[in-house]
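Peer 1:
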């Protein structure tokens, strides 16, 4: 996969995972890991996107 394709894929994936229909599935209430499940989900998705971008950038810089 080329760099341009990966960045577009990562942008679309982030947009889909942080879009309202998906967020409404998670916001059903309750707590996960001591915090509201919606916040845990948003932080987990954010970490996934950032770590994927970092690892791909390190992998392709060689």
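Residue numbers (our numbering): 600 to 661. Note that CB positions come from ideal geometry on N, CA and C, so glycine has one too.
(1) Counting only the same chain and skipping the five closest in sequence on each side, list residues whose C-beta sits under 8 Å from that of residue 636.
(2) Short of 8 Å in beta carbon distance, which residues of its chain neighbour residue 601, apart from the five on each side in sequence? Order them along the chain.
(3) Which stretch, first to last residue, makes up the alpha helix (DSSP H) that contains residue 613?
(4) Would a C-beta distance cut-off of 8 Å place residue 616 and residue 644 closer than the cut-off?
(5) Less than 8 Å between C-beta atoms, sequence neighbours within five positions excluded: which residues of the same chain meet that for residue 623?
Peer 2: Reading off the structure:
(1) For the purposes of this step, residue 636 is identified with residue 37 of the chain shown, where counting begins at 1. Around residue 636: 625, 626, 627, 628, 629, 630.
(2) Locating residue 601 in the chain shown gives position 2, counting from the first residue. No residues qualify anywhere along the chain.
(3) The count along the chain shown starts at 1 and reaches residue 613 at position 14. First-last of the alpha helix (DSSP H) with residue 613: 602-616.
(4) Position 17 of the chain shown, counted from the first residue, corresponds to residue 616. Position 45 of the chain shown, counted from the first residue, corresponds to residue 644. In this structure, residue 644 lies closer than 8 Å to residue 616 by Cβ.
(5) If you number the chain shown from 1, residue 623 lands on position 24. Closer than 8 Å at Cβ, skipping near neighbours: no residue.
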